[in-house]
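Here's the structure we're looking at; comments come further down.
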Amino acid sequence: MTELAPTVVTYPDGALTGSSTVTHVTVLGDGRTGVVLETTPFHPVDTAWPDQPADTGLLRTPDGDVRVATVVTGGVHEGDLVVGHDLPVRMGTEGWTFVVVHVLDGAGPKVGTAVDAHVDGRLRAALSAGHTACHLASLALDAALSDAWKKDVPTDAAGHPAFDMLAIQTSRITEYGSTDVYRIGKSLRRKGFDPAALDDLRAVEERANAVLAGWAGSPGAIGIHREDHTLAGRRTWRCELPEGTVELPCGGTHLTSLAEIEAITVAVEAVEVPGGVELTMTTGIRLAP
Ligand SMILES: [Zn+2]
């Protein structure tokens, strides 16, 4: 029987360090240990939508430092803690308590131990830049494809037809970049998307890159806003674009200003797949020196 409080997370505010107490330790197999803290700066990879990879780093304990190899989400339901890929529900599902599980390669500190958490700042900075680039690129792609629709469809945070939201299959954030895969099949065509809009992919790329060039280096603030500070709490990414402020739900970490960005560029490729086309957008971001 496991009674656990939801983990309080500080990474949405950009935290890299913090002191806390071990509330639960679980054996994960292969000699690995899962450690739950009351509060943590470590960003876990989400099980259902694994867009931003986990932080790495270390836990400083009275008995020495232990390396955090990866960080996953866990859920407690009817007294059982289910970890990582075994978690059968999405973050925030009613009746579950969600916790951050720090995965160690060996044994871990005992319940009640005071620890200092230290996130690898170089990796975090690279992933935060990549995540910001990912959001901006998806908005720029929506803008670049805004004339491709023959019917009214839901719009994105900037008011363009929401190609990204309607067609996204997977989104993977990398160091200073991202890779987004979209599927253009029967259901998207039925919603009014004209696949002929993808005949000239270089033109799509050029339009998206022109939008991104207009945003890079502008003074707008970027931040994560929230009221609930637990792992499953709703969080909103807010970005002050030159055209106006946009908001969308987001569980990750980000840059703090568009002024940090020297350039974001996308490359778009399409391949035929059964029933339609798969579009891959590869995004890269360069920060201002
Ligand atoms: Zn996000």
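Numbering-wise, our numbering puts 194 at position 120 of the sequence shown, and it's gapless, one number per residue.
Backbone N, C-alpha and C fix where the C-beta goes; we use that ideal spot for every residue, glycine too.
Whole-angstrom distance between residue j and residue i, CA atom to CA atom
i	j	result
Val96	Val146	16 Å
Arg257	Ser245	12 Å
Val163	Pro363	42 Å
Leu361	Ala287	13 Å
His159	Ile242	21 Å
Gly318	Val175	38 Å
Thr356	Tyr250	11 Å
Asp254	Ala271	18 Å
Lys225	Gly103	52 Å
Gly350	Ala344	10 Å
Ala143	Val119	12 Å
Thr84	Phe116	8 Å
Met165	Arg281	35 Å
His234	Glu301	28 Å
Leu78	Gly153	9 Å
Ala203	Ala218	22 Å
Thr107	Phe267	48 Å
Ala231	Trp170	30 Å
Ala188	Leu305	20 Å
His303	Cys313	20 Å
Cβ neighbour criterion (16 or more within 10 Å) applied to residue i
i	result
Ser94	buried
Asp273	exposed
Thr113	buried
Val173	buried
Trp123	exposed
Arg198	buried
Asp326	The question names Asp, yet the displayed sequence has Gly at residue 326. Buried is the call here.
His299	exposed
Thr121	buried
Gly148	buried
Thr91	exposed
Pro86	buried
Ala295	exposed
Thr229	exposed
Asp221	exposed
Pro80	buried
Bridge partner(s) assigned by DSSP for residue i
i	result
Leu262	For Leu262, which the question treats as bridged, DSSP gives no partner whatsoever.
Phe267	Trp223
Ala188	Thr95
Thr310	His299, Pro323
Arg196	According to DSSP, which records beta bridges pairwise, Arg196 is partnered with nothing at all.
Thr229	Pro235
Asp139	Arg134
Residue from the options whose Cα sits closest to the Cα of residue i
i	options	result
Val193	Thr107, Gly169, Gly307, Arg134	Arg134
His98	His328, Gly182, Leu262	Gly182
Asp137	Met165, Val119, Asp190, Asp120	Asp190
Asp53	Val278, Leu178, Leu111	Because the chain in this structure spans residues 75 to 363, residue 53 falls outside the shown range and cannot be described.
Ala128	Ala200, Gly186, Thr171	Ala200
Leu132	Val109, Pro323, Gly294	Val109
Ser331	His205, Val150, Gly233, His303	His205
Pro348	Arg276, Glu77, Val278, Lys260	Lys260
Ala341	Leu329, Ala333, Gly180, Thr354	Thr354
Gln126	His209, Val150, Asp216	His209
Gly105	Ala284, Lys184, Gly180, Leu111	Gly180
Arg196	Gly88, Ser212, Thr187	Gly88
> Just the residues with CB closer than 5 Å to a heavy atom of ligand 1, in chain order, which are they?
Replying inline: Those residues, listed in chain order, are Cys324, Gly326.
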